[in-house]
Amino acid sequence: MRLRTRNPRRVAIAGLALVTAAALTACTSDDEGNGDASGDAQTTTTVNESAPQAPLDQLVLSEGEAPGGGVVQVIEPALLQEAVDKLVADQGKQLMEDPACDRVSRLETVSNFATTDGLTAAVRYKQSEEDETEHRFGIGMVGEKLDDFMDRSLYEACTSSRSTTNPDVELVMTVEDAPALEGVEGFRVTSDFITTRPDGTRSLSRAIAIHGYTRETTVSVEYAARGNDPAADPVLPSADGALDAIYQAQMAKIATAE
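Under mature numbering (1 follows the signal peptide of the UniProt record, and there is no 0), residues -26 to -1, 1 to 232 are what the sequence shown spells out, in order.
Following this line, the structure appears as structure tokens:
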């Protein structure tokens, strides 16, 4: 899958499966920092609760299974230790002024398990045949249900908030339905971090995470991008489509595993 664009200035900067947690805690940094929020009730689905026999490393997408020929790489836990340590430390602090947003920013996520019982993988694509810019999508999973992480209402309660440590950073959060899959529960969270610089210009860091649960396995499929115009979506339509496709392929593999 090639992520073609006519506007190379909007090429995305993507992260690993720690991207959402990293973006939420990035409000503590001077550097970091939407669609319409869905007002509809969450789509109900019957979730398959039977755990697969296969371990996580056999449930994650493997070579040849990523949509569009994406290159899949399982990340060694040791490489994520520093990021996980920072995540855990930040979860013990107040990060956002708004209580609902602060609660969401400090929830236990799949990333908390990245160096222990969980698994983290990256799916990589090139921008195009002519542009070697790499787009990287993250997959994080753990073999249990993270109840708060999968509680859509907690995210819907957070609409916007300033950072407690950097008032120049504002979070705007929206929640939408995830692509529907039989036996899978899921929703999509977009976290926009808008940073106002000293000269008055603003930048946008957008983190998108699709939360999914089926068969005693919690999954987050994630992508992040930055742009210099908060009014413009920094995520390419092709990247947005790839995120949905990766989520669907990953959840379908778990749902049909023996």
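Glycine is no exception: its CB is placed at the ideal position from the N, C-alpha and C atoms.
Keep in mind that this is a model prediction, so the values were computed, not measured.
>> Could you compute how far the alpha carbon of E56 sits from the alpha carbon of S24?
In response: Here the question's residue 56 lines up with position 82 in the sequence shown. Here the question's residue 24 lines up with position 50 in the sequence shown. If you draw a straight line from the Cα of E56 to the Cα of S24, it comes to about 34 Å.
> Is the segment 157 to 165 close to the segment 177 to 185, with three or more CB pairs under 8 Å?
Replying inline: Touching, yes, given that three or more Cβ pairs across the two stretches are closer than 8 Å.
>> Is it buried or exposed, V84, if we count other Cβ atoms within 10 angstroms and call 16 or more buried?
In response: Sequence index remark: in the sequence shown, residue 84 carries index 110 (1-based). It counts as buried.
> For V97, which residues does DSSP report across the bridge?
Replying inline: Stepping through the sequence shown from its first residue, residue 97 is reached at position 123. Its beta-bridge partners are V46 and F111.
> By the 10 Å Cβ neighbour count, where 16 or more other Cβ atoms means buried, how is Q68 classified, buried or exposed?
Replying inline: The count along the sequence shown starts at 1 and reaches residue 68 at position 94. With fewer than 16 neighbouring CB atoms inside 10 Å of its own CB, Q68 falls in the exposed class.
> Apart from the five residues on each side of it in sequence, which residues of its chain come closer than 6 Å, Cβ to Cβ, to G66?
Replying inline: Position 92 of the sequence shown, counting from 1, holds the residue named residue 66. Annotation for G66: no residue places its beta carbon closer than 6 Å to its own, counting only its chain and skipping 5 residues before and after.
> When DSSP labels each residue in this structure, what does A(-13) get in the three-state scheme?
Replying inline: For the purposes of this step, residue -13 is taken as the residue at position 14 of the sequence shown. The predicted model places A(-13) with a pLDDT of 31, which falls under 50 and marks its position as unreliable, so this point remains unresolved.
> In terms of residues, what are the limits of the beta strand (DSSP E) holding L178?
Replying inline: Sequence index remark: in the sequence shown, residue 178 carries index 204 (1-based). The continuous beta strand (DSSP E) containing L178 extends over residues R176 to T188.
>> Whether or not the segment 218 to 225 and the segment 35 to 55 are in contact is what I'm after, with contact meaning three or more pairs of Cβ atoms, one per stretch, closer than 8 Å; do they touch?
In response: Counting Cβ pairs under 8 Å, three or more are found: they touch.
>> Between the alpha carbons of E150 and L120, how many angstroms are there, rounded?
In response: Within the sequence shown, numbered from 1, the residue matching residue 150 stands at position 176. Within the sequence shown, numbered from 1, the residue matching residue 120 stands at position 146. When only Cα atoms are considered, E150 and L120 end up about 19 Å apart.
>> Output needed for E232: all residues of its chain with C-beta closer than 8 Å, excluding positions within five of it in sequence on either side, in chain order.
In response: As a position in the sequence shown, residue 232 is number 258, starting the count at 1. The answer, listed in chain order, is P26, Q27 and A28.
> What residues are listed by DSSP as bridge partners for S137?
Replying inline: Working through the sequence shown from its first residue, we reach residue 137 at position 163. Beta-bridge pairing links S137 to M70.
>> Comparing C-alpha positions only, which one of R136, V62 and N86 sits nearest to V193?
In response: In the sequence shown, the residue the question calls residue 193 occupies position 219. Minimum Cα distance to V193 is reached at N86.
> When DSSP builds the beta bridges, which residues end up paired with V116?
Replying inline: Locating residue 116 in the sequence shown gives position 142, where the first residue counts as 1. According to DSSP, which records beta bridges pairwise, V116 is partnered with T192.
> What residue from K227, D59, V34 and C75 has the CA that sits closest to E156's CA?
Replying inline: One-based indexing of the sequence shown puts residue 156 at position 182. Nearest Cα to E156 within the set K227, D59, V34 and C75: K227.
>> Please report the straight-line C-alpha distance between S79 and D64, rounded to a whole angstrom.
In response: Numbered from 1 along the sequence shown, position 105 holds the residue referred to as residue 79. Numbered from 1 along the sequence shown, position 90 holds the residue referred to as residue 64. Note on geometry: alpha-carbon atoms of S79 and D64 lie some 9 Å from one another.
> What span of residues does the alpha helix (DSSP H) with L128 cover, start to end?
Replying inline: Mapped onto the sequence shown, residue 128 falls at position 154. It spans R126 to E130 - the alpha helix (DSSP H) in which L128 sits, taken as one unbroken run.
>> Just to confirm the assignment, what range does the beta strand (DSSP E) spanning T83 have?
In response: By one-based count along the sequence shown, residue 83 stands at place 109. Counting along the chain, T83 falls outside any beta strand (DSSP E), and DSSP gives it neither H nor E.
> Going straight from the alpha carbon of V48 to that of A96, what length do you get?
Replying inline: Against the sequence shown, residue 48 aligns to sequence position 74. Against the sequence shown, residue 96 aligns to sequence position 122. Rounded to the nearest angstrom, the two C-alpha atoms are 6 Å apart.
> Ordered along the chain, which non-local residues of its own chain (more than five positions away) have a Cβ less than 8 Å from that of T175?
Replying inline: Residue mapping note: residue 175 aligns to position 201 of the sequence shown, counting from 1. In chain order, N202 place their CB closer than 8 Å to the CB of T175, counting only its own chain and leaving out the 5 sequence neighbours on each side.
>> Please identify the residue among D91, L178 and D207 whose C-alpha is closest to the C-alpha of L145.
In response: Start at 1 with the first residue of the sequence shown, and residue 145 comes out as number 171. Residue L178 is the option with its Cα nearest to L145.
> Given E118, which residues of its chain have a CB within under 7 Å of its CB, disregarding the five upstream and five downstream residues?
Replying inline: What you label residue 118 is simply residue 144 of the sequence shown in a count that begins at 1. Non-local C-beta neighbours of E118 in its own chain, meaning closer than 7 Å and more than five positions away in sequence, comprise E190 and T192, ordered along the chain.
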